[in-house]
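Peer 1: First to last, the sequence lines map onto chains A and B.
Residue numbers for the first sequence, in this note's numbering: 234 to 1278.
Residue numbers for the second sequence, in this note's numbering: -7 to 78.
Just so it is clear, CB atoms sit at the ideal spot from N, CA and C, and this is done for glycine as well.
Computed from a predicted model, the values in this text were never measured in an experiment.
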Amino acid sequence: MFYSDYVPYNSLAGRVHNGGSGETVRAGLKEDLVLTEQSHKQDAGNRIGSVLVVGAGIGGMQAALDLAGSGFMVHLINDEPSIGGTMSRLDKTFPTGDCAMCMISPRMVESSRHPNIRMHTLARATKVEGREGNFTVTITEKARYVDAERCTGCGACEAECPSRVANIFNLGLDRRKAIYALFPQAVPNTRAIDAEHCLFLTRGVCRKCEKVCDANAINFDDSDKEYELKVGSIILTPGLKTYDPAIRQELGYGRLQNVVTSLQFERLLSASGPCGGVVARPSDGGHPKRLAWIQCVGSRNAHNANPWCSSVCCMYAAKQSIIAKEHDPEVDATVFYMELRAFGKDFDKYIDKAKFDSGVKYRRAMISEIIEVPETKNLLIHSVDEEGRLVNEEFDMVILSIGFEPRPDALELAQIFGIATDQYGFAQTSKLAPVATSRPGIYVAGTYQGPKDIPETVIQGSGSAAQAMALLGGSRGSEIEETVLPAERDIVGEEPRVGVIVCHCGVNIAGTVDVAKVAEVASHQPGVTHAETIIYACAPDGQQKIRDLIREKGLNRVVVASCTPRTHAPLFQDTIREEGLNRFLFELADIREQCSWCHMNDKEKATAKAIEIVNMNVAKTRLLEQVTSNAVGVTHAALVIGGGIAGMTASLSLAEQGYDVHLVERQNTLGGLLSQVRRNLEGDDVQAYLVDVRNKIAQNERIAVHLGVSVDNTEGFVGNFNTRLTDGTVFSHGAIVLASGGTEYAPTEYGYGSSPGIMTQRELESWLAASEPKVSDRFVMIQCVGSREEPANYCSRICCQDALKNSIAIKERQPEAQVVVLYRDLRAYGLKEDYYRQARDLGVLFFLYVPERKPEIIVDGNGFKVRIDGRVLGGEMEIDADYLILSTGLRPQEDAQQLSQTYKLTRNGDGYFMEAHVKLRPVDFPSEGLFLAGLAHAPKNLEETISQSLAAAGRAGTLLSRDNLTVSGIIAKHDRDICMSCLACFRACPFGSPFIDEDGRVSHNEVKCTGCGICAGICPAKAFQVNCFRDNQILAMIDSVTGAD
Amino acid sequence: MTADGEKIEERQSPEKPCEIPPDWKANIIAFACHYCAFAAADLAGVMRLSYLPNSKVIRLPCTGKLDHIYVLRAFERGIDGVFVAG
């Protein structure tokens, strides 16, 4: 199915898209810019409603799912045999400690099953022609040598393959076969043959995999394919490469066995990694107790590594050390770091958890060398402690926290797609348009744009999708196909006629379980009309067989006993639906993952268990009822709360996508906090940008701006909200973007307000705009004023950037002026490290202070003396200053409390709104239809705010694009007749779906229901029943397992 | 012994515990959340981890769906153990 849509290279002429004139435009920036002007006017409706997403990591999948969900055809290409990217290699993610695979796996399955996504694995783009709205991309797809249509993912071939090679997925920590799946949960769930190491493909002997494959999926005649795709837009999410620490020989990587990289350590921690989650030392397989992490390996070093900060290493080292401690409480963890860059939302709290709950030792020291003890292969690290003494410590294992860098083919990619890169090879973007590349119609997300973590990658994925939606909005739905299904047969009143299909799965099940016996026993169960075995139920011929049986035997319910329902149930549900049966008259009995694969050594007991599993599923299936999914309409308009840059950006994006917007701002002007900012760290003219955005808002007919008012009340639910403003205006809308912003902290510390010489960074910026610093001027900046300590114990993220921006501005204009920055950790993350270096090169002095000994200010005539505990020079220091600059942080908006009550939204301990999921749903609220952007979420800079606002607009746009919302089948059904309105459900439901209706009784809003069944469990009257998990169905399973008596 | 040093007789259960046959294996029902514990059970299979075959998994949309009656019914009908994972 993956290949059905590609255009054979030579037959393109037969498939020119509607409106495509056939003219080819050379991929080149100049021509494009000229043509763009015309294209906007001419072919807004002729743009191709499909998008190419290059790279299927978490960012690419996010973009693909958003676009596919709003009616665009998406071609998702990936050069590996499975989608998943870097995140699939991680063990767990902080702060929740969720298993990374458990989070990403459902996304991978969703991406592979989405009707509007075509997945192309082992594929690369090699040529791009055309212009925005109409690109022609040549794709080269490497031979897989395994027919993905036939392969069932059973893995019998892998067991037979004699060729062993280093497992790249596990970073060389173990070996895999030449025929392989990238990882156990690979999507597509099919093997690929590594042509470089296959004995038959290299030497013409072997073919063992072919002999053992019952599905006849091995195809040695496979060859590389080349084809063209026509798309309207392109999103680049190719991901990253990690730094190769072997270059730094002094750290011993590649030379000393027990020195591993942080990514290798992720695999060592992982339960599906090379040592099954019990961390083993490479040298002797022993269990290491003394672990050291060395930070900034390959980062923040312009000499033999990368000059930038990789943004993520501080946090993953904290995570790894906490998890290592969880694995083994006796682990003694030490992190050697230069600066703790815990700049994100709740990051500092996580570092505190590492330090104080897990007892991880943090040492501020640069490590120059690792020495191996020859006898034990233990590792010696010399460091200098805070008192200046030399310390020697021995460790069992050392983990190098390696940073990110652009992929080796990053420049080649840039050439192929005709986009500009920055000096380091990252895709170049403006800070004011963070997901737009230099070529119109091509967008970028994730680490190809610069180092960033998972949530920021996901944000950019949604943000770039929003840009593509705005570009191609007129062509939405033009490339996708609606499948026409036969009418559903009504089975109400029919006696159960269950068909049971027991799958051999080649030898995977049949090799352990006596499948014939399982089918035989099942055939005697009550309600079973027919039972038989099939070699591969999921193969096309198996599916056809199931359809035939439904027709011939008059089945009205089907049980397939094979693999896991998590990945395969939708396939079989589609099959029975095609034959006119309701999708929910199906159950999958998992006798592979949960039986044959775990009990290979005891075939008799495995068979007995398989019989029990099948019987209990038959018992449930007998009672299954058809489920009809209701649909509700969607109002194609959005409410945006907050008229700062976040709200304005989201409004503009939504309007460009084609939706009406109500933008509500409490103040009498638009602009919010940005009105007070002149330039950003990178030097963009922020005020000019703000004027431009305001003008665009004013000129956009779709945006209704409501100034000087706030929301009085909102009623309704996703897709159908009604809002009344304080001025009485009433309107309906389908989505809400909450961008209520934050405020700047007004300091009380350090004598602020007592002298005109004491300013905040913002005030200094204005001062610098009005006056010229003198040669003799002495500026002292104090960081973290009112941040990272109670009552606002979090990093405000922007203050270090402000300090760098203003100190560089002073030094560039007046090199003789003295600028001193007193800091705790200089958090110049990502590519902002360049400015930290530039400031040092310009002669800005940076001195460390600790919160226990804050700088003391002594008024001295017209100036000040600043006294600090000079750690580097030893002893106390006094610095003379004419101007004292306080780097003040950010606070949540005052009315955040009220908004959280109006919309029933939770906030974190610091007062910022909580997103639905900190990693994978960073702009969604848990309540459907509400989205989050900007400072309301957490402190962030302008670029990050714009990204997140685009993402929120993209997510909202995906919702608003639908004509109606189909309620999921697996939801709780409420029986109002037996409900006593005791409110137990009302209190327990995390999604607010039970509500008190106009009669004062409990009703249930099925649109909000996720089917978790908490209401059903708690309801004393059993008025709630979850479709497909009704009490009688579960009890039937229990009764089946507990015997026939 | 209580704090006063008074000795407390251990109460005898009115039902005599039955003899455990030597080849007896507990019959266990596991209620597993579709999204995590059920997925973990699948992963155990994918990794070919071996465990005793005397547990059967009943999939729930969330362990929040677990009802008292499920546990009571299972014990009433003679199950030896109930495992809830999610």
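Hey, is B:Cys28's beta-carbon within less than 8 Å of any beta-carbon in chain A?
Peer 2: Position 36 of the second sequence, counting from 1, holds the residue named residue 28 of chain B. So yes, B:Cys28 belongs to the interface.
Peer 1: Compute the beta-carbon to beta-carbon distance between A:Thr354 and A:Ser315, rounded to the nearest angstrom, for a pair I have assumed lies under 8 Å.
Peer 2: Sequence index remark: in the first sequence, residue 354 of chain A carries index 121 (1-based). Sequence index remark: in the first sequence, residue 315 of chain A carries index 82 (1-based). The Cβ separation is near 7 Å, so the contact holds.
Peer 1: So which of A:Val464, A:Lys1044, A:Phe637, A:Ile527 has the shortest CA-CA distance to A:Val307?
Peer 2: Here residue 307 of chain A refers to the residue found at position 74 when the first sequence is read from its first residue. For A:Val307, the nearest C-alpha among the options comes from A:Val464.
Peer 1: Output needed for A:Gln275: all residues of its chain with C-beta closer than 6 Å, excluding positions within five of it in sequence on either side, in chain order.
Peer 2: Within the first sequence, the letter at position 42 stands for residue 275 of chain A. Low confidence applies to A:Gln275: its pLDDT is 45, below 50, so where it sits in the model is not reliable, and the reading given next is rough at best. For A:Gln275, where only same-chain residues beyond five positions count, there are no Cβ hits under 6 Å.
Peer 1: Taking the alpha carbon of B:Ala18 as the reference point, which residue from B:Gly78, B:Asp72, B:Ala77 has its own alpha carbon closest?
Peer 2: As a working mapping, residue 18 of chain B is identified with position 26 in the second sequence. Comparing Cα-Cα distances from B:Ala18 to each of B:Gly78, B:Asp72, B:Ala77, the minimum goes to B:Asp72.
Peer 1: Examine the Cβ distances between the segment 818 to 825 of chain A and the segment 786 to 796 of chain A and report whether three or more of them are shorter than 8 Å.
Peer 2: yes
Peer 1: Is the Cβ of B:Lys57 closer than 8 Å to any Cβ of chain A?
Peer 2: Here residue 57 of chain B corresponds to residue number 65 of the second sequence, with the count starting at 1. So yes, B:Lys57 belongs to the interface.
Peer 1: Looking at the strands, I want to know which residues DSSP matches up with A:Trp526.
Peer 2: Position 293 of the first sequence, counting from 1, holds the residue named residue 526 of chain A. For A:Trp526, which the question treats as bridged, DSSP gives the partners A:Val568, A:Ile632.
Peer 1: Kindly indicate if chain B contains any beta-carbon less than 8 Å away from that of A:Leu1268.
Peer 2: Within the first sequence, residue 1268 of chain A is the residue found at index 1035, counting from 1. It does; some Cβ of chain B falls within 8 Å.
Peer 1: Given that a residue counts as buried once 16 or more other Cβ atoms are within 10 Å of its Cβ, and exposed if not, what is A:Ser303?
Peer 2: Along the first sequence, read from residue 1 onward, the residue named residue 303 of chain A stands at position 70. Buried.
Peer 1: A:His832 versus chain B: which residues are under 9 Å apart at the beta carbon?
Peer 2: Within the first sequence, the letter at position 599 stands for residue 832 of chain A. Here the neighbours are Ser42, Tyr43, Leu44, Pro45.
Peer 1: Against B:Ile61, what residues of chain A qualify as contacts under a CB-to-CB distance less than 8 Å, listed in chain order?
Peer 2: For the purposes of this step, residue 61 of chain B is taken as the residue at position 69 of the second sequence. Under the 8 Å cutoff, chain A gives Asp1264, Leu1268.
Peer 1: Tell me whether A:Lys664 sits in a helix, a strand or coil according to DSSP, three-state version.
Peer 2: Position 431 of the first sequence, counted from the start, is the residue given in the question as residue 664 of chain A. A:Lys664 falls in the coil class under three-state DSSP.
Peer 1: Going along chain A, which residues have a C-beta under 7 Å from B:Val76?
Peer 2: Against the second sequence, residue 76 of chain B aligns to sequence position 84. None at all; the shortest Cβ gap to chain A is about 11 Å.
Peer 1: Taking one C-beta from the segment 1180 to 1195 of chain A and one from the segment 695 to 713 of chain A each time, how about it: are there three or more such pairs within less than 8 Å?
Peer 2: yes
Peer 1: Which residues in chain A sit within 9 Å of B:Pro53, going by Cβ to Cβ distance?
Peer 2: Position 61 of the second sequence, counting from 1, holds the residue named residue 53 of chain B. Within 9 Å Cβ-Cβ: Ile1203, Thr1243, Gly1244, Cys1245, Gly1246, Val1259, Cys1261, Phe1262.
Peer 1: Applying a beta-carbon distance threshold of less than 7 Å, which residues of chain B neighbour A:Thr797?
Peer 2: Taking the first residue of the first sequence as 1, we reach residue 797 of chain A at position 564. The contacting residues are Asp34.
Peer 1: Between which residues of its own chain and A:Thr854 is the CB-CB distance below 7 Å, once the five residues before and five after are set aside?
Peer 2: As a first step, residue 854 of chain A must be located in the first sequence, where it is residue number 621. For A:Thr854, where only same-chain residues beyond five positions count, the Cβ hits under 7 Å are Val731, Arg790, Val792, Glu820.
Peer 1: Give the secondary structure of A:Gly292 by DSSP, where H, G and I count as helix, E and B as strand, and everything else as coil.
Peer 2: Indexing the first sequence from 1 puts residue 292 of chain A at position 59. In the structure shown, A:Gly292 sits in a helix (DSSP, three-state: H, G or I).
Peer 1: For the candidate residues A:Ala513, A:Val938, A:Phe659, A:Glu313, whose alpha-carbon lies nearest to that of A:Gly683?
Peer 2: Taking the first residue of the first sequence as 1, we reach residue 683 of chain A at position 450. The shortest Cα separation from A:Gly683 among A:Ala513, A:Val938, A:Phe659, A:Glu313 belongs to A:Phe659.
Peer 1: Assuming the contact rule is C-beta atoms closer than 8 Å, A:Val1156 and A:Ala1185 should be a hit. Round their C-beta distance to whole Å, please.
Peer 2: On the first sequence, position 923 is the one that residue 1156 of chain A refers to. On the first sequence, position 952 is the one that residue 1185 of chain A refers to. Sure, about 4 Å apart at Cβ, within 8 Å.
Peer 1: Which parts of the segment 433 to 472 of chain A are runs of the alpha helix (DSSP H), unbroken and 4 residues or longer, counting only runs that do not cross its ends?
Peer 2: 441 to 445
Peer 1: For A:Ala839, go through chain B and note every residue whose CB falls closer than 8 Å to its CB, in chain order.
Peer 2: Along the first sequence, read from residue 1 onward, the residue named residue 839 of chain A stands at position 606. Residues of chain B passing the Cβ test: Pro45.
Peer 1: Could you give the uninterrupted runs of the beta strand (DSSP E) lying entirely in the segment 1187 to 1224 of chain A, keeping only those of 3 residues or more?
Peer 2: List check, beta strand (DSSP E) in window: 1197 to 1199, 1205 to 1207.
Peer 1: Between which two residues does the alpha helix (DSSP H) containing A:Tyr1068 stretch?
Peer 2: Within the first sequence, the letter at position 835 stands for residue 1068 of chain A. Following the DSSP letters along the chain, one finds A:Tyr1068 inside the alpha helix (DSSP H) bounded by residues 1066 to 1074.
Peer 1: At which residues does the alpha helix (DSSP H) containing A:Asp1279 begin and terminate?
Peer 2: Residue 1279 of chain A is absent from the model: chain A starts at 234 and stops at 1278.
Peer 1: With distances taken Cα to Cα, identify the nearest neighbour of A:Gly706 among A:Cys547, A:Gly366, A:Asp380.
Peer 2: Sequence index remark: in the first sequence, residue 706 of chain A carries index 473 (1-based). Looking at the Cα atoms, A:Gly366 is the closest of the given residues.
Peer 1: I'd like to check one pair, A:Asp312 with A:Arg357: are the Cβ atoms closer than 8 Å?
Peer 2: Against the first sequence, residue 357 of chain A aligns to sequence position 124. Against the first sequence, residue 312 of chain A aligns to sequence position 79. Yes, the Cβ-Cβ distance between A:Arg357 and A:Asp312 is below 8 Å.
Peer 1: How many angstroms separate the CA atom of A:Lys1087 from the CA atom of A:Ile1101?
Peer 2: For this step, residue 1087 of chain A is matched to residue 854 along the first sequence. For this step, residue 1101 of chain A is matched to residue 868 along the first sequence. So the alpha carbons of these two residues sit roughly 7 Å apart.
Peer 1: Check this for me: beta carbons of A:Val286 and A:Leu309, under 8 Å apart or not?
Peer 2: Here the question's residue 286 of chain A lines up with position 53 in the first sequence. Here the question's residue 309 of chain A lines up with position 76 in the first sequence. Yes. Within cutoff.
Peer 1: Check the Cβ of A:Glu826 against every Cβ in chain B and list those closer than 9 Å, keeping chain order.
Peer 2: Here the question's residue 826 of chain A lines up with position 593 in the first sequence. Chain B residues near A:Glu826: Ala33, Asp34, Leu35, Ala36, Gly37, Val38.
Peer 1: Grouping DSSP H, G and I as helix and E and B as strand, with all else coil, what is A:Arg340?
Peer 2: As a position in the first sequence, residue 340 of chain A is number 107, starting the count at 1. Note: A:Arg340 maps to helix in three-state DSSP.
Peer 1: For the beta strand (DSSP E) holding A:Gly732, just list the boundary residues, first then last.
Peer 2: Counting from one through the first sequence, the residue named residue 732 of chain A turns up at place 499. Element bounds for A:Gly732: 731 to 736.
Peer 1: Hey, how far is the Cα of A:Ile768 from the Cα of A:Cys390?
Peer 2: Counting from 1 along the first sequence, the entry for residue 768 of chain A is found at position 535. Counting from 1 along the first sequence, the entry for residue 390 of chain A is found at position 157. In a straight line, the C-alpha of A:Ile768 is about 16 Å away from that of A:Cys390.
Peer 1: Suppose the cutoff is 8 Å on Cβ atoms and the five residues either side in sequence are ignored; what does the same chain contact list for A:Glu1109 look like?
Peer 2: As a first step, residue 1109 of chain A is located in the first sequence; it is residue number 876 there, counting from the start. So the list reads Arg1100, Ile1101, Asp1102, Gly1103, once near-sequence residues are dropped.
Peer 1: Within the same chain, show all residues whose beta-carbon is closer than 6 Å to that of A:Pro1125, passing over the 5 residues directly before and after it, in chain order.
Peer 2: By 1-based counting over the first sequence, the position of residue 1125 of chain A is 892. Gly975, Gly1144, Tyr1145, listed in sequence order.
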